[in-house]
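Number of protein chains: 2
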Amino acid sequence: MPSSTDSLDARFRAAQPFAERGFWRPRVGLADRLRSLARYAERQGDDLTSWDGYGERGPVAEVEKRVADLLGTEAAAYFPSGVMAQQVALRVWTERLGSRRVALPDLSHLIVHEEDGPRAVHDLDYVHLTTGPVTATAADLAKVPGELGAVLVELPLRDAGHLLPTWEELVALAAACRERGVPFHLDGARLWESAPHFARSLDEIAGLADSVYVSFYKGLGGLSGAALAGDADFVRESRLWRRRLGGTVWTAAPHALSALQGLDEVLPLMPRLHEFAQSLAEAFRASGLRVHPEQPHTNAFRLYLEGDRDGIRKKVVQALERDHVALPFGWQRADVPGWCFTEITVTPEILTETPADLVEQLITSIRRRSAFADIKRARGLSSREILDDLRGDRSG
Amino acid sequence: MPSSTDSLDARFRAAQPFAERGFWRPRVGLADRLRSLARYAERQGDDLTSWDGYGERGPVAEVEKRVADLLGTEAAAYFPSGVMAQQVALRVWTERLGSRRVALPDLSHLIVHEEDGPRAVHDLDYVHLTTGPVTATAADLAKVPGELGAVLVELPLRDAGHLLPTWEELVALAAACRERGVPFHLDGARLWESAPHFARSLDEIAGLADSVYVSFYKGLGGLSGAALAGDADFVRESRLWRRRLGGTVWTAAPHALSALQGLDEVLPLMPRLHEFAQSLAEAFRASGLRVHPEQPHTNAFRLYLEGDRDGIRKKVVQALERDHVALPFGWQRADVPGWCFTEITVTPEILTETPADLVEQLITSIRRRSAFADIKRARGLSSREILDDLRGDRSG
């Protein structure tokens, strides 16, 4: 018998295609998406209707060129995943420097989400550049003694609530790495989403680093895939490791096409997604709910609620089944007992909603009674006054 | 300025779409192939129009189930490449046995084609089970002293001319591994193509081994991708290593769909491809040319010609440009000075040709004068008699 959590997951997946409002995304079936990629390929002309062969030519070569152009690097190499791309970057740097020791945040993807692969596969040693939900500075690096093979920072630090340093902090950290003679690698899974915060172009940001990884299936909405950018020699060596690891595949054309489509169609929306996330966080705060960071650095932030995780997830599923309202489903227990949090991510689809509508949908669906209780406590209002207030915001 | 080899490669690629005869394959453009996959997905019903998520559900789960059913194993895991799949199999076995030492042919893909990845990434040690173009037997294993973490054989041994052992030899080798307590891994990149030689079902062949890798983009014509099959516990551990290596991607749905299409549409043709390869090899031999093996074990074999590699490749390009006849382009220098060889692979498309036509196309296009000279020497015939003979074979 499935557990109640399995059954909630299954109910959520089954109801998701029928979402019409809220944090929804139109569910594009596999067949329709393949046809959309075919049309996109044809609009681009001959080059993109041809195949790559083991990553040479075709749309894979094209996406590598586009990434190198955008980031202002000599070259870029396509990778099937960010996990592989980043491990390869660190392998290349640490072998060159003769030190397997990498300084990185303890919340880094490599430590939290890769099943200890960087150590088990590449024998890397870690030293924590930062601990907990803070971004790294030159002062953090100064506190790390001994030899280092590379320094990695994640822009934004996702497991800290999508946090970014200031531009000045990032410039100073890059300078400190250069001074120490340590390669500076950017985990830019969400680099596209980070540029508006810095109010800098992508090549200005990438120009601070020795190597940069970018992802095609997060903010850009591609099928999968990643790229590693840097100088020509670094990228050549990365391709060697890609082959060794089994990442040079016969053809990655469908994935590369979807990456190009994301660069064309979604990348230009990043400033609007960032602004919307800031308005949305403000609307949540105005309703007495807690968010982190208070002013989101990217298109994503954390929303905290007092309540039971399974209880909240059940209400999310009910709202989806009953009202076709999509709300965040991935709730996790917070450090504070009795509290939960979720990631709120602003995608292009929800730009048709208003922040006030989204807040109202979430409060009336998920929390029904208890969110109102929170808000009543926080603002001394009645339920009616809260709803009137929210509706007023919307029409205003 | 490009070298003459680069320029031949480019001319071959440019003329290839216009091939109409010979060893041709219709050149399906990327957009058309994506639409064909979309139609295939829809014909399969709901399950295959939905997505996988990090390899769970959707067509990835379906192809894993189909492979496990065909090979009679408890489970199977999808991999982006065979390079990764096989390294993972050996990593799992060698860690379990506490010995990094793997016995495998010196012509194995892992030694010849993976940029020393298995050693550089997984710290494997090799011992050569066989040397040169022969297949392994229990007697070869008996000669290997010391502890072993795994034994690998490639079915067929591609770099030996697609050679297979006899069924009795394979059964005896499997028994010797079992007796010695060493896991027996099959490199089955071309396992689908090997079953007719053994006159055994796929599950009978796989049943001899502890783990089996199969490929989806060689004989089956898929976009890329591989699977690793074995018992449930082995496959679970393989998935852990797949994640660690960056092989668990957000979605592999297009690739998995193309694998399913290959299993449905190409797998049933394997006996015919094998028979055709045998007739074709015989026709080459009847014309006085040399092939290896004399009776092909799979749908592929080697053809040897006396001549200069670049000269032969140039004639292949000219035949393609002038007559739209596609001939093997991948010629390599043989051990014997002045001799070259190529791989002849029988694909479904050339079943519409006859062996005599293919031989005639190759002789008249590639070798013009010199092949005739070979045949005149070998059979004491005039050019006219040779051509009449070939045409008689065709009409007979």
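Chains A and B, in that order, give the protein sequences.
Each residue of the first sequence is one higher than the one before, counting from 1 in full-length UniProt numbering.
Each residue of the second sequence is one higher than the one before, counting from 1 in full-length UniProt numbering.
Each residue gets a CB set at the ideal place from its N, CA and C atoms; glycine is no exception.
Source: prediction; values computed, not measured.
> Listing by chain order, which chain A residues have their CB less than 8 Å from the CB of Glu282/B?
Replying inline: Those do not exist, as Glu282/B stays about 31 Å from chain A at its closest Cβ, beyond 8 Å.
> Among Asp123/B, Ala10/B, Pro59/B and Leu148/B, which residue has its Cα nearest to the Cα of Ala252/B?
Replying inline: Pro59/B
> What are the start and end residues of the beta strand (DSSP E) that includes Thr342/B?
Replying inline: Trp339 to Thr345
> Could one say the Cβ of Pro145/A lies closer than 8 Å to chain B's Cβ atoms, at least one of them?
Replying inline: no
>> Counting C-beta neighbours from all protein chains within 10 Å, is the total for Pro183/B 16 or more, i.e. buried, or is it exposed?
In response: buried
> How would you call Gly396/A, buried or exposed, if buried means at least 16 neighbouring beta carbons within 10 angstroms?
Replying inline: Residue placement at Gly396/A is poorly supported in this model, since its pLDDT is 38, which falls under 50; the coordinates are not used for a value here.
>> So Met84/A contacts chain B; which residues on that side make the cut at Cβ distance below 7 Å?
In response: Leu245 and Gly246
> For Tyr217/A, which residues in chain B fall below 9 Å Cβ to Cβ?
Replying inline: Val249, Trp250 and Thr251
> Helix, strand or coil: which one does DSSP assign to Ser50/A?
Replying inline: coil
> Do you know offhand how far Leu269/B's Cα is from Tyr217/B's?
Replying inline: 15 Å
> Does DSSP put Gln295/B in a helix, a strand or coil?
Replying inline: coil
> DSSP beta-bridge partners for Leu305/A?
Replying inline: Cys340/A
> Just checking my contact of Pro293/A with Gln278/A at CB under 8 Å: how many whole Å lie between their CB atoms?
Replying inline: Not confirmed; about 10 Å, so no contact.
>> Given a cut-off of 8 Å on the beta-carbon distance, is the pair Leu220/B and Ala259/B in contact?
In response: yes
> So what's Leu164/A in DSSP terms, helix, strand or just coil?
Replying inline: coil
> What is the DSSP secondary structure of Phe284/A, counted as helix, strand or coil?
Replying inline: helix
> Which class does Val127/B belong to by DSSP, given the choice of helix, strand or coil?
Replying inline: strand
>> Can you give me the C-alpha to C-alpha distance between Leu351/B and Glu62/B, rounded to a whole angstrom?
In response: 30 Å
>> Excluding the 5 residues flanking Arg178/A on each side, which residues of the same chain have their C-beta closer than 8 Å to its C-beta?
In response: Phe184
>> So for Leu148/B, helix, strand or coil by DSSP?
In response: coil
> Listing by chain order, which chain A residues have their CB less than 7 Å from the CB of Glu115/B?
Replying inline: Leu240, Arg243 and Arg244
> Taking C-alpha atoms, which residue in Trp339/A, Thr248/A, Ala226/A and Ala195/A lies nearest to Asn299/A?
Replying inline: Ala195/A
> Between the beta-carbon of Ala15/A and the beta-carbon of Val317/A, is there less than 8 Å?
Replying inline: yes
> Between the stretch 32–46 of chain B and the stretch 156–168 of chain B, are three or more C-beta pairs nearer than 8 Å?
Replying inline: no
> According to the neighbour-count rule (16 or more other Cβ atoms, all chains shown, within 10 Å of its Cβ), is Thr255/B buried or exposed?
Replying inline: The question names Thr, but residue 255/B is His in the sequence shown. Buried: at least 16 other Cβ atoms inside 10 Å.
> Are the stretch 67–78 of chain B and the stretch 204–215 of chain B in contact at 8 Å, needing three or more beta carbon pairs?
Replying inline: yes
>> Residues of chain A with CB closer than 7 Å to the CB of Trp51/B, please, in chain order.
In response: Leu30
> CA-CA distance, Gly330/B and Asp203/A?
Replying inline: 41 Å
> Three-state secondary structure (DSSP) at Gly222/B?
Replying inline: coil
>> Looking at the secondary structure, which residues open and close the alpha helix (DSSP H) in which Ala77/B lies?
In response: Segment Ala75 to Phe79 is the beta strand (DSSP E) holding Ala77/B; no alpha helix (DSSP H) there.
> Mind pulling the chain A residues with CB within less than 7 Å of Val121/B?
Replying inline: Val121, Arg244 and Leu245
>> Taking 8 Å as the cut-off, does the stretch 221–232 of chain A touch the stretch 79–99 of chain A (at least 3 CB pairs, one atom from each stretch)?
In response: yes
> In chain order, what residues of the same chain have a beta carbon less than 7 Å from the beta carbon of Arg379/A, not counting five sequence neighbours either side?
Replying inline: Gly288
>> So for Ala142/A, helix, strand or coil by DSSP?
In response: helix
> Can you tell which of Glu349/B, Ala286/B, Arg91/B and Ala138/B has the C-alpha that lies nearest to the C-alpha of Glu237/B?
Replying inline: Arg91/B
> According to the Cβ coordinates, are Ala142/A and Ala176/A closer than 8 Å?
Replying inline: yes
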